[in-house]
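Below: the structure, in structure tokens.
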Amino acid sequence: WFFFDCAIFFSYGGLWGGPYLMQVYGYSKAQSGHILSMLAIGMIIGSPLLSYFSNTVVRSRKIAVMISSAIVFCLVFPLAFFTAEIPLMGHYIICLGLGMFSSAIVVIGFTTNKELFPVQMAGTATGMINLFPFSGGAVFQPVLGYVLEKQGRIDGAFTLEGYQQAFLILFACSVIALIASFFFKETLQKD
Numbered sequence: 033w034f035f036f037d038c039a040i041f042f043s044y045g046g047l048w049g050g051p052y053l054m055q056v057y058g059y060s061k062a063q064s065g066h067i068l069s070m071l072a073i074g075m076i077i078g079s080p081l082l083s084y085f086s087n088t089v090v091r092s093r094k095i096a097v098m099i100s101s102a103i104v105f106c107l108v109f110p111l112a113f114f115t116a117e118i119p120l121m122g123h124y125i126i127c128l129g130l131g132m133f134s135s136a137i138v139v140i141g142f143t144t145n146k147e148l149f150p151v152q153m154a155g156t157a158t159g160m161i162n163l164f165p166f167s168g169g170a171v172f173q174p175v176l177g178y179v180l181e182k183q184g185r186i187d188g189a190f191t192l193e194g195y196q197q198a199f200l201i202l203f204a205c206s207v208i209a210l211i212a213s214f215f216f217k218e219t220l221q222k223d
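Structure follows, in structure tokens:
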């Protein structure tokens with residue numbers, strides 16, 4: 033789950049979101065930066081909100097991860113299938129949502145991982161699981177770059193078709209992450 037969920041966040045937010053917004057929509061660097069800043073805002077507000085949601089509202093780490101994964105699926109859908117038709121506010125919502133539900137949700141994943149192992153192994157287990165989010169980004173950022181390059185350029189910019197193909201890969205990642213979320217082991221102890 034970590035690998036595919038964070039592949040979306042790091043690939044879109046960390047590398048390809050800016051060029052996409054500037055090349056497909058013609059937004060300025062400043063406007064693209066404002067849109068992408070919603071990723072950080074989503075992370076900041078998402079971590080405590082999702083922890084509260086998991087511990088108090090649904091009282092389930094697994095359900096919180098499943099809901100977040102379903103939301104990420106819904107957020108990536110327009111990128112993949114309506115690549116050039118998203119209104120400005122839609123980009124703000126997508127980035128805020130990805131910050132919350134693709135990045136901030138990892139606090140639940142790390143907590144679940146820690147609770148799966150004896151306290152003596154918690155640090156090692158967390159260190160090992162921490163490889164997967166970054167590996168997802170490390171693998172998929174160049175994969176998307178390859179897809180974009182393969183589709184060619186027009187006047188130095190990647191094509192709409194290239195972004196559509198690249199975002200279809202992120203959509204596939206969201207499907208895999210959603211399926212994987214169903215296999216999460218519940219670790220929250222019910223009172």
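In my numbering, the protein residues as written are 33 to 223. From the three backbone atoms N, C-alpha and C, an ideal C-beta is built for every residue, glycine too.
Practice problem: Inspect the beta-carbon positions of residue 38 and residue 177 and report whether they are closer than 8 Å. | Solution: The residue given as residue 38 occupies position 6 in the sequence shown. The residue given as residue 177 occupies position 145 in the sequence shown. In this structure, residue 177 does not lie closer than 8 Å to residue 38 by Cβ.
Exercise. Note down, in chain order, each residue of its chain lying with its Cβ closer than 6 Å to the Cβ of residue 144, except the 5 sequence neighbours on either side.
Key: Taking the first residue of the sequence shown as 1, we reach residue 144 at position 112. Within the same chain, residue 144 has close Cβ partners 93, 219.
Practice problem: Would you decide whether residue 101 is buried or exposed? Buried here means 16 or more other CB atoms lie within 10 Å of its CB. | Solution: Working through the sequence shown from its first residue, we reach residue 101 at position 69. Counting of Cβ neighbours within 10 angstroms places residue 101 among the buried residues, the total reaching 16 or more.
Self-check item: Stretch pair the region 155 to 167 + the region 59 to 77: three plus CB contacts closer than 8 Å
Solution: Contact fails: fewer than three Cβ-Cβ distances are below 8 Å.
Exercise. Under 8 Å by Cβ, that's how I've got residue 112 and residue 34 pegged, so tell me the actual separation to the nearest angstrom.
Key: As a first step, residue 112 must be located in the sequence shown, where it is residue number 80. As a first step, residue 34 must be located in the sequence shown, where it is residue number 2. That belief does not hold up - the Cβ atoms of residue 112 and residue 34 are roughly 21 Å apart, past 8 Å.
Practice problem: Would you tell me roughly how many angstroms separate the C-alpha atoms of residue 58 and residue 123, rounded to the nearest one? | Solution: Position 26 of the sequence shown holds residue 58. Position 91 of the sequence shown holds residue 123. Roughly 13 Å separates the two Cα atoms.
Quiz item: When DSSP labels each residue in this structure, what does residue 93 get in the three-state scheme?
Solution: For this step, residue 93 is matched to residue 61 along the sequence shown. In the structure shown, residue 93 sits in a helix (DSSP, three-state: H, G or I).
Self-check item: Buried or exposed (CB count within 10 angstroms, at least 16 for buried), residue 211
Solution: On the sequence shown, position 179 is the one that residue 211 refers to. It is exposed - the Cβ of residue 211 has fewer than 16 other Cβ atoms within 10 Å.
Self-check item: residue 157 vs residue 148 beta-carbon contact at 8 Å
Solution: Residue numbering aside, residue 157 sits at position 125 when the sequence shown is read from its first letter. Residue numbering aside, residue 148 sits at position 116 when the sequence shown is read from its first letter. Yes; because the gap between Cβ atoms is below 8 Å, this pair is in contact.
Quiz item: In or out: residue 62 buried (at least 16 other Cβ within 10 Å) or exposed?
Solution: Here residue 62 corresponds to residue number 30 of the sequence shown, with the count starting at 1. Under this definition residue 62 is an exposed residue.
Quiz item: DSSP state of residue 189, grouped into three classes?
Solution: The residue you call residue 189 lines up with position 157 of the sequence shown. Three-state DSSP puts residue 189 in a strand.
Self-check item: contact_flag[the region 104 to 111, the region 120 to 134] where n(CB pairs < 8 Å) is 3 or more
Solution: When Cβ pairs closer than 8 Å are counted between the two stretches, the region 104 to 111 is seen to touch the region 120 to 134, the count reaching three or more.
Quiz item: For residue 221, which three-state DSSP category applies?
Solution: Residue mapping note: residue 221 aligns to position 189 of the sequence shown, counting from 1. Reduced to three states, the DSSP call for residue 221 is coil.
Self-check item: Closest Cα partner of residue 103 within the set 60, 134, 75, 80
Solution: Stepping through the sequence shown from its first residue, residue 103 is reached at position 71. For residue 103, the closest of 60, 134, 75, 80 by C-alpha to C-alpha distance is 134.
Quiz item: Which residues in the same chain as residue 221 place their Cβ atom closer than 6 Å to its Cβ, once the five residues preceding and following it in sequence are excluded?
Solution: By one-based count along the sequence shown, residue 221 stands at place 189. Counting only residues of its own chain and dropping the five nearest sequence neighbours on each side, residue 221 has no CB closer than 6 Å to any other CB.
Quiz item: Alpha carbon to alpha carbon, how far is residue 213 from residue 97?
Solution: Within the sequence shown, numbered from 1, the residue matching residue 213 stands at position 181. Within the sequence shown, numbered from 1, the residue matching residue 97 stands at position 65. Inter-residue distance for residue 213 and residue 97 is about 6 Å (C-alpha atoms, whole angstroms).
Quiz item: Just checking my contact of residue 205 with residue 99 at CB under 8 Å: how many whole Å lie between their CB atoms?
Solution: Residue 205 sits at position 173 when you count from the first residue of the sequence shown. Residue 99 sits at position 67 when you count from the first residue of the sequence shown. Under the criterion of beta carbons closer than 8 Å, residue 205 and residue 99 do not qualify as touching, at roughly 18 Å.
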